[in-house]
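Here the structure is laid out as structure tokens; the discussion comes afterwards.
In our numbering, the protein residues as written are 8 to 92.
Here's what the structure looks like:
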């Protein structure tokens, strides 16, 4: 996936489009993740972690991280990246 991506539009379970702002892309243990926030939300919107994978045709697919350990690993990397000195 492109490193300079600033926003993405995703379909929810009802087929409705929602635009998200890309906060950052993380590469962790041979996996890629996007951290996004809803584009039209308040400043305190919770970030969403999406794992980047490939489908059978080599296209990028995104899905939420369901595994607690994997989620914690990515959360810690995100927090370390944006930690204030």
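All residues carry an ideal CB built from backbone N, CA and C; glycine is no exception.
Counting C-beta neighbours from all protein chains within 10 Å, is the total for residue i 16 or more, i.e. buried, or is it exposed?
i: residue 40; result: buried
i: residue 89; result: exposed
Just to confirm the assignment, what range does the alpha helix (DSSP H) spanning residue i have?
i: residue 88; result: 75-89
How far does the beta strand (DSSP E) with residue i in it reach, from first residue to last?
i: residue 67; result: 67-71
i: residue 47; result: From DSSP, residue 47 is part of no beta strand (DSSP E); its letter is neither H nor E.
i: residue 13; result: Segment: none, residue 13 is in no beta strand (DSSP E) and carries neither H nor E.
Out of the options, point me to the one whose CA is closest to residue i's CA.
i: residue 19; options: 89, 54 and 71; result: 71
i: residue 86; options: 15, 42 and 13; result: 42
i: residue 56; options: 77, 89, 90 and 64; result: 77
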